[in-house]
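This report refers to the structure that appears directly beneath it.
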Amino acid sequence: MANALKTLVPPNSNKSVRQRQAKDFTNVGTTGRVLSVLGGAALTYYGWSRKQSPLGKSLTTAGGYLVLRGASGFCLVNKALHLDTAPPKTEGFEVTSSVTILKPRQEVYQFWRQLENLPRFMQYLEDVKQTGPRRSHWVAKIPKNIIYKEKLSTIEWEAEIDREKENSLIAWRSLPNSEVENSGEVRFTDAPSNRGTVVQATISYQPPAGAAGKLAAKFLNPAFKELVKQDLRRFKRLLEAGEIPTIIGQPSGRKEENY
Amino acid sequence: MKAICWEGINKVSTERVPDPTILNPRDAIVRVILSSVCGSDLHLLGGYIPAMRSGDIIGHEFMGEIVEVGPEVKNLKKGDRVVVCSVLACGGCEFCHREEYSLCDNSNAEPEWSEKAYGYPVAGIFGYSHALGGYAGSHAEYTRVPFAENTCFKVPDGVRNESALFTSDAFPTGYMAADFAGIEPGDTVVVWGCGGVGLMAMHSAWLLGAGRVIAIDQYPYRLEQARTRAKAEVLNFKEVDVLEALKEMTGGRGPDRCIDCVGMEANSTGIEKVYDYAKQYARLQNDRPAVLRQAIMACRKGGTLSIIGVYGGFIDKFPMGAAMNKGLTFRMGQQFGQRYIPKLLDIVARGEVDPAYLLTHKLSLDQGQEGYMMFKEKANNNMRSVFAPAG
Chain A
101 MANALKTLVP PNSNKSVRQR QAKDFTNVGT TGRVLSVLGG AALTYYGWSR KQSPLGKSLT
161 TAGGYLVLRG ASGFCLVNKA LHLDTAPPKT EGFEVTSSVT ILKPRQEVYQ FWRQLENLPR
221 FMQYLEDVKQ TGPRRSHWVA KIPKNIIYKE KLSTIEWEAE IDREKENSLI AWRSLPNSEV
281 ENSGEVRFTD APSNRGTVVQ ATISYQPPAG AAGKLAAKFL NPAFKELVKQ DLRRFKRLLE
341 AGEIPTIIGQ PSGRKEENY
Chain B
-6 MKAICWEGIN KVSTERVPDP TILNPRDAIV RVILSSVCGS DLHLLGGYIP AMRSGDIIGH
54 EFMGEIVEVG PEVKNLKKGD RVVVCSVLAC GGCEFCHREE YSLCDNSNAE PEWSEKAYGY
114 PVAGIFGYSH ALGGYAGSHA EYTRVPFAEN TCFKVPDGVR NESALFTSDA FPTGYMAADF
174 AGIEPGDTVV VWGCGGVGLM AMHSAWLLGA GRVIAIDQYP YRLEQARTRA KAEVLNFKEV
234 DVLEALKEMT GGRGPDRCID CVGMEANSTG IEKVYDYAKQ YARLQNDRPA VLRQAIMACR
294 KGGTLSIIGV YGGFIDKFPM GAAMNKGLTF RMGQQFGQRY IPKLLDIVAR GEVDPAYLLT
354 HKLSLDQGQE GYMMFKEKAN NNMRSVFAPA G
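Sequences listed follow chains A and B, in order.
When you number the first sequence by the working numbering, it's gap-free, plus one each residue, and the end is 359.
When you number the second sequence by the working numbering, it's gap-free, plus one each residue, and the end is 384.
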């Protein structure tokens, strides 16, 4: 558990402090804000039409507060309760995900350490070549825009294994001046009572600098998280089942696409 | 090739589709000889199982002949006559090692749906919606069988195709229901539902030492099968108060083991029927759990409920207080076919049980809609429509 928490802390913790400070005063989530405005407006309208009665007056006041809360994104109650439901503002991605694989730790580790194996389960990875004891060359094909599935573009970078402990840890990062700044850390631990190996991967990726990059990060973060989860599942399937189950290419009664 | 495809609610059609090919090293291609409808298909047909797409080939209970194997398939060869388990299992994950094959971590090709709906992904099943893998089903001339060595079982010489067919799903599912009921010698076992799976559960209850077997349904011809083939005492819930009758038949004590072979589309009577239909229609509950409620009330204190009829989502008015205070045990799940099929093929080969009587109507693939409607409407005393692509 301690390990798990440790890896959740971003490697550059100075940055996270900065992010925290840069974050404005909002502490209400997007859905909460919309509901506040709508509900508040309704209450105000209802209270105003009965403004002679004490109930009407308090409803108008409460409604007005909700409208303000929604419009500003700041809530006194949340503040008092130390609640913050506003979405975090991140500049890059960092995703941690775990999977348990019913294979000995050494076998699981060795399969990953043979970096040439990675494209067999990482969907967007084309090719990885070990170029030295610690150096490797990576080629990925990524959609220029994941959301609209635009045409694929190829990106390449050099990476270096910067920490390694046989059968328990591999950590790598891209070399400076790479087109895509990224790093990863994978921990291998024994699952309890011979239930295989727990693989915990933390993958970080810094998008290009600038406002466009930040915007891209905001949209892509959920997709990236899903991708890492899927890739880990594919890794598990490849090791346990010897193949990754698929239905792509099977017949169906749909004329347009045959699976 | 020809295949029966799901087109929409209560509508299937026979289409020309491409032949299947080997897609993964552990695949095999089976030429389908017999492929049966199953009660659980009616949930798909009725639109109660989400994630069906128009054009999906359905069917999951079948037997046939191997015509091609992938490079990693060693113990099967062209020409082998095999029965194919409806549930897919990789053989390498924790759950396959526990022989809980329908919980396989890896065989569902589209695991995201069930992971979201159920918390963790469940195994793939042939022709049973994109929630359970989206695999093309068996009502076709050929079917691709993933993890073939774990999914195909050679049919012993001397066992007819018609008898082997139902060891694909109905028999192992019924057997698992009886196994999960934890029958002790002399126990009174009640089975709700006299379809293929229910009848197989009754045969299995006898094999596992039951002292008495009671069957419940509303169709006289099905109750007759239960009485004559499965040697059960029968109750028609349209004619008697089931709870009263069971209490009386067991000397006021209640049955020891209760098996639900009906599932999410249970039929009931009176106000309960109106209530469940209305809520299901309004999508306020997915499933109509009338059998489950009745079984909980009927079961003796400390007894067991074994649930093998399929449920998909949420149910309402679940008598948890009765279940808890009576100290009931619940067991349930989709069949762990790979665990039971070899044993059941032996039982069939020895002639102890011959499930072939379930096949009441043999049809061609062109008669898909007719076969399903006859089965759904319980017309012509239909137990099972079975498609024979080669006639």
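Virtual Cβ for every residue (Gly too), placed ideally from N, Cα, C.
message: I'd like to know if the region 6 to 17 of chain B and the region 352 to 369 of chain B are in contact, where contact means that at least 3 CB-CB pairs between them fall below 8 angstroms.
response: yes
task: Would you kindly work out how many angstroms separate the C-alpha atoms of residue 117/A and residue 194/A, rounded to a whole number?
output: Bear in mind that a pLDDT of 36 at residue 117/A, under 50, signals an unreliable position, so the number given afterwards is only what the model happens to contain. Using only the alpha carbons, I get a separation of about 16 angstroms.
- prompt: Could you give the C-beta distance for residue 304/A and residue 282/A, rounded to a whole number, given that I count them as a contact under 8 angstroms?
  reply: 6 angstroms
query: Which stretch, first to last residue, makes up the alpha helix (DSSP H) that contains residue 37/B?
result: 32 to 38
task: Give the DSSP bridge partners of residue 230/A, in chain order.
output: 236/A
message: As an exercise, report each continuous beta strand (DSSP E) stretch of at least 3 residues that is fully enclosed by the region 120 to 171 of chain B, in chain order.
response: 135 to 138 and 145 to 147
task: Please state if the CB of residue 95/B and the CB of residue 54/B are separated by a distance shorter than 8 angstroms.
output: no
- request: Spell out whether any CB of chain A is found under 8 angstroms from the CB atom of residue 90/B.
  value: yes
message: Taking contact to mean 3 or more Cβ pairs, one atom from each stretch, closer than 8 angstroms, check whether the region 320 to 340 of chain B and the region 347 to 358 of chain A are in contact.
response: no
Environment of residue 270/B [buried if 16+ CB atoms lie within 10 Å]: exposed
- prompt: List, in order along the chain, the chain B residues whose C-beta lies closer than 8 angstroms to that of residue 351/A?
  reply: -6, -4, 10, 11, 12, 13, 50, 129 and 133
task: Could you tell me the distance, in whole angstroms, from the CA atom of residue 262/B to the CA atom of residue 329/B?
output: 33 angstroms
- prompt: Can you list the residues of chain B that residue 341/A reaches, using a CB-CB cut of under 8 angstroms?
  reply: 19, 83, 84, 85, 86, 99, 100 and 140
field: Runs of beta strand (DSSP E) lying entirely within the region 162 to 223 of chain B, each at least 3 residues, in chain order
entry: 181 to 185 and 205 to 210
- prompt: How big is the Cα-Cα spacing for residue 131/B and residue 119/B?
  reply: 7 angstroms
task: Can you give me the start and stop residues for the alpha helix (DSSP H) that residue 266/B sits inside?
output: 263 to 274
task: May I ask you to check if the CB of residue 80/B is nearer than 7 angstroms to at least one heavy atom of the ligand FMN?
output: Summarising the ligand content, the structure contains no ligands, and the ligand FMN is consequently not present.
message: Could you pull the DSSP bridge partners for residue 261/A from this structure?
response: 272/A
message: Considering only their Cβ atoms, is the gap separating residue 44/B from residue 124/B smaller than 8 angstroms?
response: yes
query: For residue 332/B, which residues in chain A fall below 7 angstroms Cβ to Cβ?
result: By Cβ distance, chain A contributes nothing, its closest Cβ being about 18 angstroms from residue 332/B, past 7 angstroms.
- prompt: In three-state terms, what does DSSP make of residue 253/B?
  reply: strand
message: Given a cut-off of 8 angstroms on the beta-carbon distance, is the pair residue 134/A and residue 173/A in contact?
response: no
query: Given that a residue counts as buried once 16 or more other Cβ atoms are within 10 Å of its Cβ, and exposed if not, what is residue 85/B?
result: buried
task: Take residue 137/A as the anchor and find which of 271/A, 167/A and 200/A has the nearest alpha-carbon.
output: 167/A
- request: Say whether chain A places a C-beta atom closer than 8 angstroms to the C-beta of residue 93/B.
  value: no
field: Secondary structure of residue 379/A, DSSP reduced to three states
entry: Because residue 379/A is not part of the residues shown, which for chain A are 101 to 359, the question remains open.
query: Among 253/B, 312/B, 331/B and 274/B, which one has its Cα closest to the Cα of residue 299/B?
result: 253/B
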